[in-house]
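Taking it in order: structure first as structure tokens, then the write-up.
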Ligand code: ADP
Ligand code: ADP
Ligand code: ZN
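Numbering (the working numbering), first residue to last: 8 to 225.
Next up, the structure:
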């Protein structure tokens, strides 16, 4: 099963990715998480991508394609994968198609989570993530049990620097200009599953699972 999660920043991709991955036994792969990990570890890749992420711009395609190629070459992806935050540009989508064709694989479904911009700003400004494991929280809609501490690993919760309001607006513009065209690309390919992401987390999840099962004829 080869899945893609598409949708603007704050739509709920990361939140849903973990659960969908568990449901189907496939690894969720988040390019944003991989970049944040590289920045934290101060690797050469981390140094290179930090400025783009900080500014709310996209990381150049060559750098993104490099890490995705390496990740998809790992043996745990033999059963499939769930891409969260990739592809984000048409060239990335085209290269992914070529790569899958070479491997004799095909995309199963592209899940597009749709949410209005005003809600996105609220979601991103209240988002907190675990510094250690990347788990996602929200100050209003998904609170941790013990203030400032991750429920899963006891790590410290922080606000992402690119979630400050000025950067958020730029990220939403970047999404509209560079990533939204992928909706048509995948619709034309007959792969798109659109989900109303303004619903509560569990309803979004149910919509996704039901939609995927329908596609698979299960
Ligand atoms: P969000 O979950 O808010 O949509 P991500 O964690 O997916 O954000 O990504 C954070 C940042 O990492 C993006 O704003 C962008 O700078 C960079 N990034 C992640 N994935 C990609 C990609 N596929 N192409 C280009 N840049 C990316
Ligand atoms: P993305 O990966 O698409 O950028 P996240 O999964 O990180 O989005 O979610 C963004 C913020 O919105 C997080 O703080 C998360 O807890 C919250 N959130 C996610 N889905 C919902 C939802 N359906 N309803 C309310 N808040 C949500
Ligand atoms: Zn944690």
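Yeah, the Cβ is synthetic: ideal placement off N, Cα and C, and Gly gets one too.
| Query | Result |
| --- | --- |
| Measuring straight from C-alpha to C-alpha, what distance separates residue 27 and residue 131? | 21 Å |
| Hey, residue 149 and residue 208 are a contact pair by Cβ (cut 8 Å); roughly how many whole angstroms apart? | 7 Å |
| With DSSP as the reference, please indicate the residues paired to residue 137 in a beta bridge. | 164 |
| How far does the beta strand (DSSP E) with residue 156 in it extend, from its first residue to its last? | First-last for residue 156: undefined, no H or E at that position. |
| Which whole-angstrom value is the C-beta distance of residue 218 and residue 211, which I expect to be below 8 Å? | Residue 218 to residue 211, Cβ: 11 Å. No contact. |
| What residue does the alpha helix (DSSP H) around residue 299 start on, and which one ends it? | Given a span of 8 to 225 for the chain in the structure shown, any question on residue 299 remains unanswerable. |
| Express the C-alpha separation of residue 182 and residue 248 in angstroms, rounding to a whole number. | Only positions 8 to 225 of the chain appear in this structure, which leaves residue 248 out of reach. |
| Comparing C-alpha positions only, which one of 59, 107, 100 sits nearest to residue 80? | 107 |
| For residue 42, I'd like the list of residues in its chain whose CB is within less than 7 Å of its CB, leaving aside the five on either flank, ordered along the chain. | 56, 60, 66 |
| Near residue 140, which residues of its chain fall below 8 Å by C-beta distance, leaving aside the five closest residues on each side in sequence? | 157, 159, 160, 162 |
| I'd like to check one pair, residue 189 with residue 116: are the Cβ atoms closer than 8 Å? | no |
| Do you know how far the Cα of residue 62 is from the Cα of residue 171? | 11 Å |
| So, with DSSP's three-state summary, where would you put residue 198? | coil |
| Find the nearest neighbour of residue 166 within the set 13, 200, 138, judged by alpha-carbon distance. | 138 |
| Compute every distance between the C-beta of residue 139 and the non-hydrogen atoms of ligand 3, then say whether any falls below 7 Å. | yes |
| Could you check how far apart the C-beta atoms of residue 228 and residue 169 are, in whole angstroms? I think they sit under 8 Å. | The first residue shown for the chain is 8 and the last is 225, placing residue 228 beyond what the model contains. |
| One question on the structure: do residue 101 and residue 33 come within less than 8 Å of each other, judged by their Cβ atoms? | no |
| If we require 4 or more residues per run, which alpha helix (DSSP H) segments fall completely within the stretch 33-111? | 38-47, 51-62, 68-79, 97-110 |
| Tell me which residue opens and which closes the alpha helix (DSSP H) that residue 212 is part of. | 208-223 |
| Given this structure, state the Cα-to-Cα distance separating residue 164 from residue 25, to the nearest angstrom. | 18 Å |
| Any idea what DSSP makes of residue 181, helix, strand or coil? | helix |
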